[in-house]
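For reference, the structure discussed in these notes is given below.
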Amino acid sequence: MDITSLFIEVVQEDMNSKSAKKSSLIKEWLTKDAVPQSILIRCGNWMETFLVKCLGDKNKLDLLKKKGRNMIITVDGEDHQIDLLGQMEDGVLITREIKCNLDLDRGKTRDTLRREEQIERGLEEQFDVSVDGGIFCPFYYGTIKKDGKFGMIFGMQWFIDTFELDFTVEDFQKIGKSEKLHKLLGL
Numbered sequence: 629m630d631i632t633s634l635f636i637e638v639v640q641e642d643m644n645s646k647s648a649k650k651s652s653l654i655k656e657w658l659t660k661d662a663v664p665q666s667i668l669i670r671c672g673n674w675m676e677t678f679l680v681k682c683l684g685d686k687n688k689l690d691l692l693k694k695k696g697r698n699m700i701i702t703v704d705g706e707d708h709q710i711d712l713l714g715q716m717e718d719g720v721l722i723t724r725e726i727k728c729n730l731d732l733d734r735g736k737t738r739d740t741l742r743r744e745e746q747i748e749r750g751l752e753e754q755f756d757v758s759v760d761g762g763i764f765c766p767f768y769y770g771t772i773k774k775d776g777k778f779g780m781i782f783g784m785q786w787f788i789d790t791f792e793l794d795f796t797v798e799d800f801q802k803i804g805k806s807e808k809l810h811k812l813l814g815l
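Numbers 629 to 815, taken from my numbering, label the letters of the sequence shown in order.
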């Protein structure tokens with residue numbers, strides 16, 4: 629067997645043995661199949677900014693130090709970006725790692741969970757408060773679901789209920805279907 633045939637055999641075996649990757653949650657939200665990867669990445673960044681702005685005066689990221697465009701906490705000599713930090717009652721900070729993509733490999737999942745644990749510990753130590761942390765996916769529209777990788781995923785309904793926001797999951801879904809947004813993104 630020549631090396632080209634051998635390589636093709638390896639590729640075919642691999643392609644046949646792996647399940648198809650899930651569709652992008654952002655693509656599903658935008659209700660479009662053909663969305664360039666660069667737009668998907670930027671949408672993830674815009675989503676983080678949008679969700680923080682939704683918190684209004686419940687947003688507590690200003691308690692942290694700024695590094696570049698990110699708000700960070702230093703724990704054990706490592707800087708960690710905090711995506712979402714809010715407060716509804718004295719003595720309790722709510723932090724969430726925002727994930728627009730839940731289809732991560734084992735290493736990235738492990739790193740995400742480790743980082744979230746360090747952030748929680750760092751906030752507790754720095755501010756002497758209780759910290760409620762976890763993973764938040766705005767494209768899971770429910771409240772909370774068990775997840776084999778992350779343990780628990782908090783969804784959009786949790787976000788709306790927890791921070792007493794004045795929009796619904798349906799309102800959020802309409803944003804992704806907006807023709808005005810599609811035109812702006814060139815979709």
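Glycine residues also receive a C-beta, built at the ideal position from the N, C-alpha and C atoms.
For residue i, list the residues DSSP reports as bridge partners.
| i | result |
| --- | --- |
| Glu748 | None; Glu748 has no bridge partner. |
| Lys693 | Ile700 |
| Asp711 | Answer is none; Asp711 lacks a bridge partner. |
| Thr723 | Leu713 |
| Glu706 | Val703 |
Just to confirm my understanding: we take residue i, look at its own chain, exclude 5 residues before and 5 after, and list those with CB closer than 8 angstroms. What are they?
| i | result |
| --- | --- |
| Gln801 | Trp657 and Tyr769 |
| Leu692 | Met699, Ile700, Ile701, Ile710 and Leu713 |
| Thr796 | Ile788 |
Among the residues of its own chain, which have a CB less than 6 angstroms from the CB of residue i, if the five just before and after it don't count?
| i | result |
| --- | --- |
| Ala648 | Here the model assigns Ala648 a pLDDT of 47, short of 50, so the residue's position is not dependable and the matter cannot be decided. |
| Ile667 | Leu813 |
| Phe767 | Leu653 and Trp657 |
| Lys655 | Val663 |
| Ile763 | Glu725, Lys727, Phe778 and Ile781 |
| Glu807 | none |
| Gly761 | Thr723, Glu744 and Glu748 |
| Lys805 | Thr659 |
| Thr737 | Lys777 |
Tell me, please, whether the CB atom of residue i is closer than 8 angstroms to any CB atom in chain C?
| i | result |
| --- | --- |
| Ser633 | Here chain C cannot be found, since the structure has a single protein chain. |
Leaving out five residues on either side along the sequence, give the residues of the same chain with a beta carbon under 7 angstroms from the beta carbon of residue i.
| i | result |
| --- | --- |
| Val759 | Leu721, Thr723, Glu748, Leu751 and Glu752 |
| Glu637 | none |
| Lys774 | Met780 |
| Lys671 | The question names Lys, but residue 671 is Cys in the sequence shown. Answer for Cys671: Ile654, listed in chain order. |
| Ile680 | Position check: residue 680 holds Val in this sequence, whereas Ile was assumed. The residues are Asn687, Leu689 and Leu712. |
| Ile803 | Leu809 |
| Asn644 | none |
On the premise that residue j lies in contact with residue i, defined as a C-beta separation below 8 angstroms, what is that separation, rounded to the nearest angstrom?
| i | j | result |
| --- | --- | --- |
| Leu793 | Lys660 | Not confirmed; about 26 angstroms, so no contact. |
| Asp704 | Gln640 | Incorrect: roughly 45 angstroms between the Cβ atoms, too far for contact. |
| Met675 | Phe791 | Their Cβ separation, rounded to whole angstroms, is 16 angstroms, which puts Met675 and Phe791 out of contact at 8 angstroms. |
| Lys695 | Asp707 | 6 angstroms |
| Gln785 | Thr771 | 5 angstroms |
| Gly719 | Val757 | 5 angstroms |
Complete alpha helix (DSSP H) runs within the stretch 633 to 689 (minimum length 4 residues, chain order): Fully enclosed alpha helix (DSSP H) runs of 4 or longer: 653 to 658 and 665 to 682.
Sufficient close CB pairs (3 or more, under 8 angstroms) joining the stretch 676 to 690 to the stretch 733 to 746: Counting C-beta pairs closer than 8 angstroms gives fewer than three between the stretch 676 to 690 and the stretch 733 to 746, which falls short of the contact rule.
Are the stretch 731 to 740 and the stretch 691 to 702 in contact at 8 angstroms, needing three or more beta carbon pairs? With the cut-off at 8 angstroms, the stretch 731 to 740 and the stretch 691 to 702 do not touch.
Mind pulling the beta strand (DSSP E) runs of 3 or more residues that sit fully within the stretch 747 to 798? Taking 3 residues as the shortest admissible run, the stretch 747 to 798 contains the following complete beta strand (DSSP E) segments, listed from N- to C-terminal end: 758 to 760, 772 to 775 and 779 to 782.
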